[in-house]
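Line order of the protein sequences matches chains A and B. Residue numbers for the first sequence follow the numbering used here, so the first one is 1 and each next one is one higher. Residue numbers for the second sequence follow the numbering used here, so the first one is 1 and each next one is one higher. Think of the CB as a built atom: it goes at the ideal place given N, C-alpha and C, for glycine as much as any other residue.
2 protein chains.
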Amino acid sequence: MSKVDRRIIKSQEAIKKAVIELMSNKNFDDITIQDIADRANVNRGTIYLHYQDKYDLLDKLIEEHINELREICERETETDSINSSVTWFDYFESHYLFFSSMLASKGAPFFRSRFLEFVIEDIKNVENGWNITEGKNRGLSADVILQFFGTAYVGAVEWWFKNEMPCPPHVMEEQIGILFERNL
Amino acid sequence: MSKVDRRIIKSQEAIKKAVIELMSNKNFDDITIQDIADRANVNRGTIYLHYQDKYDLLDKLIEEHINELREICERETETDSINSSVTWFDYFESHYLFFSSMLASKGAPFFRSRFLEFVIEDIKNVENGWNITEGKNRGLSADVILQFFGTAYVGAVEWWFKNEMPCPPHVMEEQIGILFERNL
DNA sequence: TGCAATTTGTTGATTAATCAACAAATGAAT
DNA sequence: ATTCATTTGTTGATTAATCAACAAATTGCA
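Here is the structure:
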């Protein structure tokens with residue numbers, strides 16, 4: 001698994017880090033490939049060895065974080081005992097620059113919709129086996145419920161970042177947990 | 001001038017940074033090439049592309065900083081007007097990890113003697129044109145004077161680092177300046 | 001001392017990164 | 001609309017870094 005050439009990893013890490021840093025200052029569209037190369041201390045051509053263009057780079061960057069969130073989620077459902085495992089908000093916190101750039105800046109609306117899509121997908125999976133439209137939500141549309149609480153979750157995350165994380169991750173996790181328990 | 005391949009600079013920077021960081025924990029002799037490679041995130045073989053062995057690496061690292069100090073000194077004597085330029089102690093401060101590792105730890109006595117040698121050489125140059133053994137120090141041995149005040153300077157620097165820089169660079173610069181003015 | 005494990009320094013084949021140069025596309029100002 | 005400058009994406013030749021494998025040297029420990 002860990003047979004990827006060290007240079008590839010280093011280059012990609014540097015490039016991704018550079019994009020995130022630059023995005024906290026500029027709009028994504030105003031960032032040039034040369035900007036990224038300079039910040040990453042990498043030849044401009046090197047970027048094209050790994051990505052089609054800067055949009056492909058952003059896509060890959062986003063998808064990578066989405067996948068991380070997915071894995072965290074899977075790990076959680078496996079070890080559903082008393083979990084001292086890493087939560088989503090822990091992950092958000094440790095990648096503050098990425099998420100706040102993505103959510104706070106208006107330069108990347110791509111991410112918000114992709115994130116929402118994934119959250120909804122995730123709610124489906126967690127609530128798997130039990131039909132959402134039974135119990136508390138009998139008679140309601142599944143799509144409405146998913147959209148409703150998916151957006152709610154994303155909104156809470158946005159608030160957290162735009163207000164510079166006014167409370168620790170586990171508090172957010174707990175409060176949102178209560179709201180979800182009550183409604184799903 | 002700036003025609004050195006970017007990869008060379010990156011590798012060397014990473015390697016040098018790694019050594020300095022490791023030296024703040026371990027004795028230099030206990031550090032293996034593999035340790036350095038791991039920390040620098042570089043293949044072990046890469047180190048041998050740039051240095052003979054770890055002692056050569058340490059030598060080059062030391063000599064590089066000595067040269068920086070030399071250039072600072074030359075810059076100072078050129079612009080001997082009101083100088084807002086970078087002083088030695090400014091440089092010491094901005095390379096805290098290197099100098100404190102080198103002076104505080106007992107793992108690298110190489111540096112102290114090299115540093116002393118350079119300080120003495122430097123006093124000679126600054127006092128150039130005027131014979132040291134004239135004026136205040138008439139009748140004294142030049143060698144004794146140079147050794148005396150060279151060691152004094154190094155001792156002050158050592159004190160500064162071992163006590164975690166208890167006063168700002170310009171204060172050190174000023175106080176040592178007074179002591180030198182009085183004696184040379 | 002002697003054995004085992006680690007570290008060293010070097011090798012050659014392979015792959016990635018660099019650089020310079022290019023035409024094409026884009027953008028901004030006149 | 002036309003110019004000028006910047007940015008883009010690609011090219012091929014060159015250089016550096018990687019990896020695995022090796023024997024030799026060194027270390028640590030029984």
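Nearest candidate by alpha-carbon position, reference proline 109 of chain B, set B:Ile72, B:Gln147, B:Ser141, B:Asp59
For the purposes of this step, residue 109 of chain B is identified with residue 109 of the second sequence, where counting begins at 1. Nearest of B:Ile72, B:Gln147, B:Ser141, B:Asp59 to proline 109 of chain B, Cα basis: B:Asp59.
Mind listing which residues of the segment 4-15 of chain A have their C-beta closer than 7 Å to chain B's C-betas, in chain order?
The segment 4-15 of chain A vs chain B, Cβ under 7 Å: Arg6, Lys10.
Quick one: grab the DSSP three-state call for arginine 138 of chain B.
For the purposes of this step, residue 138 of chain B is taken as residue 138 along the second sequence, with counting starting at 1. Under the three-state reduction of DSSP, arginine 138 of chain B is assigned to coil, being neither helix nor strand.
Whole-Å CB distance - isoleucine 161 of chain B paired with alanine 104 of chain B, under 8 Å assumed:
Looking up residue 161 of chain B in the second sequence gives position 161. Looking up residue 104 of chain B in the second sequence gives position 104. Here the sequence assigns phenylalanine to residue 161 of chain B, which means isoleucine is not the residue at that position. Yes, phenylalanine 161 of chain B and alanine 104 of chain B are in contact; Cβ-Cβ is about 6 Å, under 8 Å.
Compute the Euclidean distance between the alpha carbons of methionine 102 of chain A and valine 19 of chain A, then round it to the nearest angstrom.
Translated into positions along the first sequence, residue 102 of chain A becomes position 102. Translated into positions along the first sequence, residue 19 of chain A becomes position 19. Rounded to whole angstroms, methionine 102 of chain A to valine 19 of chain A spans 11 Å at the Cα level.
Which of helix, strand or coil does DSSP assign to lysine 26 of chain B?
Taking the second sequence and counting its residues from 1, one reaches residue 26 of chain B at position 26. Coil at lysine 26 of chain B, not helix or strand.
In the DSSP assignment, find the unbroken alpha helix (DSSP H) run with tyrosine 91 of chain B in it and report its ends.
By 1-based counting over the second sequence, the position of residue 91 of chain B is 91. Per DSSP, tyrosine 91 of chain B is one residue of the alpha helix (DSSP H) stretching across 88-94.
Which chain B residues are close to asparagine 163 of chain A, counting only those with a beta carbon under 7 Å from its beta carbon?
Translated into the one-based positions of the first sequence, residue 163 of chain A becomes position 163. What asparagine 163 of chain A touches in chain B: nothing, since even the nearest Cβ is about 35 Å away.
Once DSSP output is grouped into helix, strand and coil, what is the label at asparagine 67 of chain A?
The count along the first sequence starts at 1 and reaches residue 67 of chain A at position 67. DSSP places asparagine 67 of chain A in helix when its eight states are reduced to three.
Terminal residues of the alpha helix (DSSP H) in which isoleucine 132 of chain A lies:
Start at 1 with the first residue of the first sequence, and residue 132 of chain A comes out as number 132. The continuous stretches of alpha helix (DSSP H) do not include isoleucine 132 of chain A, and DSSP gives it neither H nor E.
Go ahead and label leucine 140 of chain B buried or exposed: buried means 16 or more other beta carbons lie within 10 angstroms of its beta carbon, across all protein chains shown.
The residue labelled residue 140 of chain B in the question sits at position 140 within the second sequence. Classification for leucine 140 of chain B: exposed.
Have a look at isoleucine 9 of chain B and leucine 116 of chain B and give me their C-alpha separation to the nearest angstrom.
Counting from one through the second sequence, the residue named residue 9 of chain B turns up at place 9. Counting from one through the second sequence, the residue named residue 116 of chain B turns up at place 116. Cα to Cα, the separation comes out at about 29 Å.
Can you find the residues in the same chain that come closer than 7 Å, C-beta to C-beta, to leucine 61 of chain B, ignoring five residues on each side of it along the sequence?
As a position in the second sequence, residue 61 of chain B is number 61, starting the count at 1. The beta carbon of leucine 61 of chain B is closer than 7 Å to those of Lys16, Val19 in its chain, skipping five residues each way along the sequence.
List, in chain order, every chain B residue whose beta-carbon is nearer than 8 Å to that of asparagine 41 of chain A.
By one-based count along the first sequence, residue 41 of chain A stands at place 41. Under the 8 Å cutoff, chain B gives Arg6, Lys10.
Indicate the three-state DSSP secondary structure (helix, strand or coil) for leucine 184 of chain A in the structure shown.
By one-based count along the first sequence, residue 184 of chain A stands at place 184. Leucine 184 of chain A sits in coil when the DSSP states are folded into three classes, being neither helix nor strand.
Host alpha helix (DSSP H) of glutamine 34 of chain B (start-end):
Mapped onto the second sequence, residue 34 of chain B falls at position 34. Glutamine 34 of chain B: member of the alpha helix (DSSP H) spanning 33-40, first to last residue.
Determine, using beta carbons only, whether valine 119 of chain B and glycine 150 of chain B come nearer to each other than 7 Å.
Here residue 119 of chain B refers to the residue found at position 119 of the second sequence. Here residue 150 of chain B refers to the residue found at position 150 of the second sequence. Going by C-beta atoms, valine 119 of chain B is nearer than 7 Å to glycine 150 of chain B.
Supposed close pair phenylalanine 98 of chain A, histidine 65 of chain A - CB separation, criterion 8 Å:
As a working mapping, residue 98 of chain A is identified with position 98 in the first sequence. As a working mapping, residue 65 of chain A is identified with position 65 in the first sequence. In this structure phenylalanine 98 of chain A is in contact with histidine 65 of chain A, their Cβ atoms being roughly 6 Å apart against a cut-off of 8 Å.
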